[in-house]
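See structure below.
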Amino acid sequence: MRIAILSANPNLYSTQRLLAAATERGHEALLVNHLNCQVVIEGGRPSVLYEGQELEQLDAIVPRIGASVTDYGCAIVRQFEMMKVFTTAKSQAITRSRNKLRSLQVLSKAGVGLPKTVFANHPRNGDVTQLIKLVGGPPVVIKLLEGTQGIGVVLAETTKAAKSTIEAFYGLKKHVLVQEFVAEAKGSDIRAFVVGGRVVGAMKRQGVEGEFRSNIHRGGNASAVTLTPDEEETAINAARALGLKVAGVDMLPSERGPLVLEVNSSPGLEGIETATGADIATEIIAYIEDKIRADEGDIVGV
């Protein structure tokens, strides 16, 4: 098969691992910088140009779309979808997962456990106090609607600090979510890596002392963990609800069960592979093989 890894950075660990895994399994692996692609829209014949040449005879793509270029990256993925190229993450699912409010709404409808969260449009001063009360009072977590690696996430210890932070974000014309602080998580979370409807690896991430965010990019450390049946089911249901076949599902352990914080449509491989020793890249390529064989079988059967 011809498999294209859509990535703007060829030096990233995840990009290199996916290219290597595809090659090792006998496929032709291409590195395609989606930012250098152009879409050609023509009746009945959609196509993608890359560095001036038409990309043809691709069997599958693995989108690795950065948060800062979601719109353009999804436009390229959407074009491949129109060309009937298999993708491990559809454009609509990527877009849905990138908006924290939208993704939480979808997960809530699906019955997935979530931290209590509120959202309002530039509330007045008294309304800000009400938002804080709705999630149980301080401390509260304040999040920008779009952000990655813990950027745009603030823990406010008091009502005064929360009001100041919310008003500062609104002053910058930014929308925020106000979320309950789950104290029993003790600065840790769990990332479950889901491929094709099953968990292929999981790690516990622990923030450094004094830091409530557990992101590895912020100095946290990671170790392999065995999920409880409830955690595994929650991770699979969360990925399914958002329509993601490859996803990193971040959960907080709590007294009322696992609570999903976020579902990442382009989860990094370095942390999970290092912590667990699992070959996640090969799991992704094997999933592509299985799906394409199944689709070919359906065509033959018809």
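With this note's numbering as the guide, the letters of the sequence shown map in order to residues -16 to 285. Where a beta carbon is used, it is the ideal one built from N, C-alpha and C, also for glycine.
Where the beta strand (DSSP E) through residue i begins and ends
i, result
"residue 126", "123 to 127"
"residue 160", "159 to 163"
"residue 247", "242 to 247"
Inter-residue CB distance, residue i and residue j (contact presumed, cutoff 8 Å)
i, j, result
"residue 209", "residue 96", "That belief does not hold up - the Cβ atoms of residue 209 and residue 96 are roughly 19 Å apart, past 8 Å."
"residue 136", "residue 118", "That pair is no contact at about 15 Å."
"residue 55", "residue 179", "That pair is no contact at about 27 Å."
"residue 44", "residue 12", "Between residue 12 and residue 44 the Cβ distance is about 11 Å, and since that is not below 8 Å, they are no contact."
"residue 125", "residue 145", "7 Å"
"residue 221", "residue 246", "5 Å"
"residue 251", "residue -3", "5 Å"
"residue 181", "residue 219", "7 Å"
"residue 207", "residue 258", "5 Å"
Residue of the options minimising C-alpha distance to residue i
i, options, result
"residue 52", "77, 207, 42, 145", "77"
"residue 49", "206, 74, 150, 34", "74"
"residue 158", "136, 148, 127", "127"
"residue 260", "185, 15, 246, 226", "185"
"residue 148", "123, 169, 35", "123"
"residue 241", "168, 40, 154", "168"
"residue 81", "275, 204, 173, 231", "231"
"residue 17", "4, 31, 247, 25", "31"
"residue 255", "103, 175, 277", "175"
"residue 274", "58, 27, 70", "70"
"residue -6", "253, 103, 59", "253"
"residue 113", "189, 86, 161, 263", "161"
"residue 165", "238, 258, 79", "238"
"residue 234", "2, 98, 257", "98"
"residue 183", "27, 68, 265", "265"
"residue 3", "263, 276, 278", "263"
"residue 46", "28, -8, 10, 36", "-8"
"residue 223", "79, 104, 171", "79"
"residue 35", "28, 20, 29", "20"
"residue 272", "0, 10, -1", "10"
DSSP-derived helix/strand/coil call for residue i
i, result
"residue 261", "coil"
"residue 154", "helix"
"residue -16", "coil"
"residue 141", "coil"
"residue 42", "coil"
"residue 94", "coil"
"residue 68", "coil"
"residue 209", "coil"
"residue 199", "Legend: pLDDT at residue 199 = 49, less than 50; position of this residue unreliable, value from coordinates given subsequently. Here residue 199 sits in helix by DSSP."
"residue 34", "coil"
"residue 235", "strand"
"residue 19", "helix"
"residue 178", "strand"
"residue 118", "coil"
"residue 84", "helix"
"residue 187", "strand"
"residue -9", "coil"
"residue 173", "strand"
"residue 166", "helix"
"residue 25", "coil"
"residue 103", "coil"
Alpha carbon of residue i to alpha carbon of residue j, nearest angstrom
i, j, result
"residue 6", "residue 64", "23 Å"
"residue 23", "residue 72", "21 Å"
"residue 212", "residue 267", "23 Å"
"residue 120", "residue 90", "23 Å"
"residue 163", "residue 33", "45 Å"
"residue 8", "residue 236", "37 Å"
"residue 94", "residue 244", "14 Å"
"residue 111", "residue 142", "9 Å"
"residue 153", "residue 38", "44 Å"
"residue -12", "residue 228", "16 Å"
"residue 14", "residue 62", "17 Å"
"residue 138", "residue 58", "35 Å"
"residue 41", "residue 177", "24 Å"
"residue 88", "residue 156", "22 Å"
"residue 197", "residue 26", "The predicted position of residue 197 is uncertain, since its pLDDT is 49 and thus under 50; no value can be drawn from it."
"residue 115", "residue 225", "28 Å"
"residue 85", "residue 67", "27 Å"
"residue 170", "residue 276", "43 Å"
"residue 1", "residue -16", "14 Å"
"residue 28", "residue 60", "16 Å"
Contact test: residue i Cβ vs the ligand GDP heavy atom, cutoff 6 Å
i, result
"residue 270", "Of the ligands one can find in the structure shown there are none, so the ligand GDP has no counterpart to examine."
Where the alpha helix (DSSP H) through residue i begins and ends
i, result
"residue 212", "212 to 225"
"residue 65", "53 to 65"
"residue 7", "-4 to 7"
"residue 79", "74 to 81"
Closer than 7 Å to chain B by CB, residue i
i, result
"residue 271", "Reference to chain B is not applicable here, since this structure consists of a single protein chain."
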